[in-house]
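Accompanying notes for the structure given below.
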Amino acid sequence: MTDSPSPDPSEELLRHQAQERAAATKRVVESQARLRVVVAGPGTGKTYCFRQALEQAGGGVALTFINNLANMMKKDLGGVAEVYTCHGFAKRLFYQLGSPGFSQEPEYYPPLFELFAEDLELMGTNWDGHSISLHFAHVTEPDGVIDNVLELGAHYSAVTHDDCVLRVTRYLRGHPEAVPDVPLLVVDEFQDFNRSEARFLWLLGSANAVLLAGDDDQALYSFKGASSKFLRLIHAREGAEQHCLPYCSRCPQVVTEAVNLVVSRAQAEGHLVDRLPKKFECYLPGKLQDSREHPSIRHLACTVENNRSPYVGRCIAEAICDIPEDDWESARAGGHPCVLVVGPMEFVRRASSTLQGEGVKAILKESSPPKVRLLDGYRLVIRDVTSCLGWRIVVHCVPPEGAGALIVAARMDDCSLYHVLPRDYVDAHLEAAEAVASALVGEPVAAEVCERIRDTAGQSLESLVADADDVPGDESSADVLCTSFAGSKGLSAHHVFIVGMNDGHFPRRRDDITDDEVCQLLVALSRTKKSCTLVSAGRFGGGCLRPSVFLEWLKPLIDPCRFTKDGLAPRAFR
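So in our numbering, the last one in the sequence shown is 813, and the numbering has no gaps at all.
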């Protein structure tokens, strides 16, 4: 290991950084350009810059990618902007515009494409829900899938995220006068938007001043069709004014150096081609103390990780014991976790389970697509007994004999399944739906009805009612949060542990590292406010593992430790 610098900057350097940071923000805020593009890393003051620009403009709308980022922006931009996810704003416009393409207001149902995939299979087209989403993400129209899905949406009088964006974009292209007029449109995390979302936002920008920010080092959503090329295209667009916010106020110096080292090594090996260059340095006036206290990145090398010896979780639990109480309190006051455990989920899940077993209050956050629930169908048919979508959900969850033929028949006749389903099936599910509605408001349900519901629905009344309480947990209440790389986006913590630092896991293939994996490492490193720890295992289950090639990339900044059955052994190996 070579020692990481122990910052001892001159007063002149501290003044220079403070002046340069203020000047960079001022250039963005006071610019009169119709399109300002800010390329900046995490923790560089984008949200502060947004607020200043919105106040100067007299308000506006701020859009970002995921709910957890939108919730943070709502706290930070409250009073100066309406804040939405891209899908949330498209949904709002869709209904404001009178639900274009529908004769009456349709239902908004997130897992809709799972139902449509089954219908398309009955029509002879084999697509799953994710594949359909990718068609909309890439706006792939020649094969007819999009048109078929839009027709199914009209039949069931229902929309979801992806087709809603496309419908609004098509409408606004034909009715430019309907593009909403706002003082300033702010867009964050643009590198995570796909082609369909980018077209929607460019259309909104045609009538408004736009302040757009992104960082192609933080691009994690290629699996949903997102691409950094849209950020690069708009950055190079004629009339776009380019800006950079150079100083990170989140991470200590060793972490900003690590980010730059990874970028440099990745580019030397042919990765991150066409990356937008930017300055990313530690803002020492605010991070000097943290940088002195945490001058290196620790590597905890566990001898083994298996059911008998779950050392990855145990070594994190032991390290957590050394965290000062002040860190826990300040994290709670700031509304973010004190500890973030991130990495490949096969390691994260095990670490979370071990931490919980060790008495640590750890929360495991796993993303999963929305599920089609029988409860949703029951709620819809109670509201409208002939609900086309409602009965389609019921049939999906509890298929009657000949379900496929009935779905096709209703589609051919352009009617609700209610009109073609057997009467005894309809009556039984209506009874179940009414009982669920009663139970949800605390009314008693007769025992014999409960028995019939179990036969009809294939589950108890209690389990149906419990689905109504199945809502995402509040991550801001977690002291220790365990999640995937993608799940860590928008989060920060005082102390970050990156687990699974082994070839075959992260990266999956040592000789074929992907840009996505490089970006995952950059995202994980830059979540930390104080310390960052890398955790590897010598054995996982019954197999031997090799340390991750990423550890070699970061070797100049790493302080190695070994964890065995006897606990941590600092500087036990080189």
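By construction, the Cβ of each residue, glycine as well, lies at the ideal position given by its N, Cα and C atoms.
Check                                                                                                                           : Outcome
Selection from E690, A696 and L700 that minimises the alpha carbon distance to E682                                             : L700
F289 in three-state terms, based on DSSP                                                                                        : helix
Contacting residues, own chain, Cβ-Cβ under 6 Å from A725 (five flanking each side not counted)                                 : L459
Range covered by the beta strand (DSSP E) that runs through D798                                                                : I797 to T803
Residue burial classification, V675 (beta-carbon count within 10 angstroms, cutoff 16)                                          : buried
Beta-carbon spacing of A696, A678 below 8 Å                                                                                     : no
Of the listed residues A261, I621 and G777, nearest to A540 (C-alpha basis)                                                     : G777
Alpha carbon of N306 to alpha carbon of G729, nearest angstrom                                                                  : 9 Å
Reduced DSSP secondary structure (H/G/I, E/B, other) of I202                                                                    : Within the shown structure, residues of the chain are numbered from 240 to 813, placing residue 202 beyond reach of any answer.
Within 8 Å, strictly: CB atoms of C636 and V611                                                                                 : yes
Stretch-stretch touch, CB-based, cutoff 8 Å, three pairs: the stretch 772-786 with the stretch 473-493                          : no
Reference P281; option with closest CA among P799, G780, G806 and S765                                                          : S765
Inter-residue CB distance, F519 and L470 (contact presumed, cutoff 8 Å)                                                         : Not confirmed; about 16 Å, so no contact.
Terminal residues of the beta strand (DSSP E) in which I602 lies                                                                : A601 to K604
For F812, three-class secondary structure by DSSP                                                                               : With a pLDDT of 32 at F812, under the threshold of 50, the modelled position of this residue cannot be trusted, and the question is left open.
Distance, H575 Cα to A811 Cα                                                                                                    : In this prediction, A811 scores a pLDDT of 37, lower than 50, which makes its location untrustworthy; the coordinate-derived value is nonetheless stated afterwards. So the two alpha carbons sit approximately 33 Å from each other.
Expected contact under 8 Å - CB spacing of L523 and L253 to nearest Å                                                           : 6 Å
Range of the contiguous alpha helix (DSSP H) that encloses Q481                                                                 : Q481 -> not in any alpha helix (DSSP H); beta strand (DSSP E) instead, spanning A479 to L484.
Minimum length 3: unbroken beta strand (DSSP E) runs contained in the stretch 650-728                                           : 719-722
H394 versus H734 - alpha carbon distance                                                                                        : 51 Å
Straight-line Cα distance separating A642 from V634                                                                             : 7 Å
The stretch 324-342 / the stretch 366-386 touching (three or more Cβ pairs under 8 Å)                                           : no
CA-to-CA distance, K468 to V449, given in whole angstroms                                                                       : 18 Å
Whether L793 touches L579 by CB criterion (8 Å)                                                                                 : no
Under the three-state DSSP convention, the category E214 falls into                                                             : Since the first residue of the chain shown is 240 and the last is 813, residue 214 is not available in this structure.
Contacts around G573, its chain only, beta-carbon distance under 7 Å, and the 5 residues preceding and following it disregarded : none
Beta-carbon proximity check, T206 vs Y486, cutoff 8 Å                                                                           : A query on residue 206 cannot be resolved here, the shown segment of the chain reaching from 240 to 813 and no further.
Where D561 falls, given that 16 or more other Cβ within 10 Å makes a residue buried                                             : exposed
Which of helix, strand or coil DSSP assigns to I536                                                                             : strand
Inter-residue CB distance, L796 and E436 (contact presumed, cutoff 8 Å)                                                         : Not a contact, Cβ separation roughly 36 Å.
Helix, strand or coil at E814 according to DSSP, with G and I counted as helix                                                  : This structure does not reach residue 814, given that the chain is present from 240 up to 813, and the question cannot be answered.
Counterpart residues of F779 in DSSP-defined beta bridges                                                                       : E544 and G782
For A309 and V322, believed in contact at Cβ under 8 Å, the rounded distance                                                    : 6 Å
K804 classed as buried or exposed, judged by whether at least 16 other C-beta atoms fall within 10 angstroms                    : exposed
Among H668, L669, R622 and V647, the one whose alpha carbon lies nearest that of V659                                           : V647
Complete beta strand (DSSP E) runs within the stretch 330-401 (minimum length 3 residues, chain order)                          : none
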